[in-house]
Amino acid sequence: MGSTVNSPSTPIIIPSSPLQTSFIPKTSQLSIFKKKKPFNFASKKLVSCKASDRNQNNADSSSLNRFDRRDILLGLGGLYGATNLVSDPFASAAPIAAPDLSLCENSTVTSSSSGTSISVPCCPPKATNIIDFKPPRFSNIRLRPAAHLVDANYLEKFTKAMELMKALPDDDPRSFKQQANVHCAYCNGAYDHVGFPDQQLQIHFSWLFFPFHRFYLYFYERILGKLIGDPNFVMPFWNWDSPPGMVIPDIYVDPTSPLYDEKRNVDHQPPKMLDLDYAGTEELLSKRDQIKSNLSVMYRQMVTYKTPSLFHGAAYRAGDNPSPGMGSVENNPHTAVHRWVGDKREPFSEDMGNFYSAGRDPLFYAHHCNVDRLWNIWKSLPGKKRTDFTDTDWLDSSFLFYDDNANLVRVKVRDCLNSRTLGYDYQKVNIPWLKNKPTPRRPGRGSGSGSAMAAETNTKTVIRNAFPIVLDKLVRIEVPRTKKSRTKVEKENEEEVLVLQNIRVDRDVAVKFDVYINDEDDETPTEPEDSEFAGSFTNIPHNHHNPAVKLDTNLTLPLSDLLEDLDIERDDNIVVTLVPKEGKGLVSIGNIKIDFVRD
């Protein structure tokens, strides 16, 4: 849980005017032709008329500098016979292409608070050949175990594999240093989009988050297995979504072990229990209350986010600005765990507390194994829309990784949708958060509470036409609703959502603010176990290749279940409360509205 915020005596209430009700488009390309540099149709570096064999095993490294012919033709809206080329040249296909390693640059790491800045070399070794990924052949499904349940034989094998990886020369792409650098390069400004040299590639804050990390873990794991001659080796997952796993696993806290990292928060060593609502300060909660909070976070982030875009994040295509919007698990608890583990004594909250250094902590990989496991679980929960995207721009987005033979491999999202296709799954453990649905603080208020609350707030301080809002104090906004008393079928077809647009903040600062719906209590803060708690926005410090460019993103929170739980589905409006928990005064919000998601 985040730190307690003392509410000011006169909170700000901002009535918002009704705005357009069309949800953020499925494709963010509506204005791409205006905001992007146009393709040079004559460029030989970008467009090749030679047909390429997409199933070939080897490709010349120069292919990194171009899309293949099919991508170019489709990416330009079907150049031959296109009827709407000028209005939207990328309407048909614009998947993110694997980066050009020859153009990789050092990552810049900054701290706005201290003014410190360093340049970090995290580019991978260059390669002359690229292999297109083929699913592995296997005779059985390998099960990744829960880290707190592994036995001595497994630990001996895992420790040996890590020792060998750390002993590899630094210039070996399979070495621990180079594997850690993978995250630094993809997540901290080292790459640009192919064909868009002014557009940074960022795999967080979008629909690329889950597939990128799945492949990252897959190759890391295969390297470990190769080093000890065990093709069936699997990494453990940190089972932080269940009470027995809500502390750092013992296997990672032995200072003599290669699994240890000294750059961790010294106040969060076992038996300290993890806070999945962490906001940079310590909560004085009993073990029982902390578990209740954590399980409520898990329920909300996994059960109430019912569509691909809400779970995975916003669409992100070639040429787009980075960071269009996080999905549920990436936002939280993923960010909370990173921040909770990172060492606050370090200048940039290394290791886990910053994107550039997160991969340097062996615990990072166990953390992300659990994130990956949650992708599998989410798709198994009830709901007809709990499926992956079918958009080819997502399916054909690609990345580069070095495999266990030090070959450079190009992978596509479509190749990792089912972990069992990659030969692995997860040990079955209890999932207690399925039974921890949040409950209203004031049950039985009934319909009209939103309108009544809005009327009451008119006697308080009101700021009109105040966007953008700077979150330097608690703020309340009255937000109109356009569809009320929807049927069960209507709610299944469309998820009502709250959209916070153009959230702007320096990328290198840690930020968290909470969002409450129809919460009237200025004295006692709403907590994750309350239905009024709609969610949070969080940020892990990271950088753009131009540190002056702020993070500009969106947050989308599901409302359908919440409105039903609070019995306010017939209300004309809701009152949204924004509470800064960390980074007070550093965040601005461009607009807030209600919309509907159909994907």
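Sequential numbering of the sequence shown, starting at 9, is according to this note's numbering. The beta carbon of each residue, even a glycine, is placed where N, CA and C say it ideally should be.
Once you ignore the five residues that flank residue i on each side, which residues in its own chain have a CB closer than 8 Å to its CB?
i	result
GLN207	LYS44, ASP200, HIS201, GLY327, ASP328, ASN329, PRO330
MET310	SER336, VAL337, LEU382, ILE385, TRP386, LEU389, TRP441
ASP275	GLU290
ASN225	At residue 225 the sequence reads Leu, which differs from the Asn that was named. Excluding positions up to five away in sequence, the list reads MET243, TYR373, HIS376, CYS377, ASP380.
THR429	PRO143, ASP423
PHE220	TYR194, ILE211, PHE407
Taking the DSSP output, what are the residues bridged to residue i?
i	result
PRO279	Note: PRO279 sits in no beta bridge, so no partner.
THR564	VAL507
MET243	Its beta-bridge partners do not exist; DSSP assigns none.
VAL487	ILE582
ILE104	According to DSSP, ILE104 bridges with nothing at all.
LEU559	VAL513
ILE256	DSSP, once it has assigned bridges, lists no residue as partnering ILE256.
ASP200	GLN208
THR116	SER127
Excluding sequence positions up to five away, which residues of its chain have a Cβ less than 6 Å from the Cβ of residue i?
i	result
LEU163	ILE259
ILE104	ALA326, SER405
THR124	PRO355
PHE213	SER331, MET334, THR561
GLU113	ALA198
PRO588	LEU479, PHE521
On the DSSP letters alone, give me the boundaries of the beta strand (DSSP E) that residue i sits inside.
i	result
VAL417	416-420
GLN208	204-208
VAL497	That residue, VAL497, is in no beta strand (DSSP E); its alpha helix (DSSP H) goes 496-501.
VAL600	The sequence given here places Ile at residue 600; Val does not occur at that position. Counting along the chain, the beta strand (DSSP E) containing ILE600 begins and ends at 596-605.
ASN547	541-547
ARG577	What sits at residue 577 in the sequence shown is Glu, not Arg. Unbroken run through GLU577: none, as it is neither H nor E.
PHE409	406-410
PHE521	519-525
TYR627	The question about residue 627 has no answer here: the residues shown for the chain are numbered 9 through 607.
LEU151	150-152
VAL128	124-128
Which residue wins for smallest C-alpha separation from residue i, given the options the options?
i	options	result
MET170	PHE220, GLU229, CYS195	GLU229
PRO390	ASP411, VAL421, THR315, VAL417	THR315
ASP179	VAL158, HIS212, LYS134	LYS134
LEU209	ILE439, TYR324, LYS142, ASN148	TYR324
VAL242	ASN148, THR136, ASP108, LEU216	ASN148
SER493	GLN435, ASP529, SER568	SER568
VAL417	ASN137, PRO555, SER121, ALA102	ASN137
LEU570	LEU506, ASN302, ASP369	LEU506
ARG606	ASN501, ALA414, VAL261, LYS496	ASN501
PHE541	SER301, THR118, GLU498, PRO266	SER301
LEU425	PHE166, THR398, LYS174, LEU408	THR398
PRO129	GLY350, LEU479, TYR194	TYR194
PRO476	TYR364, ILE525, ASN438, GLY593	GLY593
LEU216	ALA106, LEU172, PRO177	ALA106
GLN435	PHE204, SER110, PHE245	PHE245
PRO446	LEU157, ARG308, ALA474	ARG308
ASP269	GLY203, MET360, LYS234	MET360
ARG145	LEU292, GLY431, GLY543	GLY431
Are the Cβ atoms of residue i and residue j separated by less than 8 Å?
i	j	result
ALA366	ASP285	no
ILE236	LYS185	no
LEU403	LYS392	no
ALA232	PRO566	Per the sequence presented here, residue 232 reads as Leu, with Ala not at that position. For LEU232 and PRO566, no; Cβs fall outside 8 Å.
PRO549	VAL513	no
PRO239	ILE256	no
LEU508	ILE602	no
PRO536	SER265	no
LEU267	PRO153	no
LEU586	VAL483	yes
VAL519	GLU590	yes
ASN189	PRO132	yes
Could you pull the start and end residues of the alpha helix (DSSP H) that residue i belongs to?
i	result
GLN298	295-311
ALA160	160-175
LEU318	316-320
ILE231	217-235
THR400	400-403
VAL190	184-195
MET388	At residue 388 the sequence reads Ser, which differs from the Met that was named. That run of the alpha helix (DSSP H) goes 371-388.
VAL345	343-349
Looking only at its own chain, which residues have a Cβ that is under 7 Å from the Cβ of residue i, when we skip the five neighbours before and after it?
i	result
ASP573	PRO448, SER539
ASP423	PHE141, PRO143
ASP411	PHE227, ARG230, VAL417
SER39	With a pLDDT of 34 at SER39, under the threshold of 50, the modelled position of this residue cannot be trusted; read the value that follows with caution. Same-chain partners within the cutoff: there are none.
LEU563	GLY333, LEU508, ILE511, PHE545
MET281	MET254, VAL255, LYS295, GLN298
Considering only heavy atoms of the ligand SAH, does any lie closer than 7 Å to the CB of residue i?
i	result
LEU284	The ligand SAH is not part of the structure shown, which contains no ligands of any sort.
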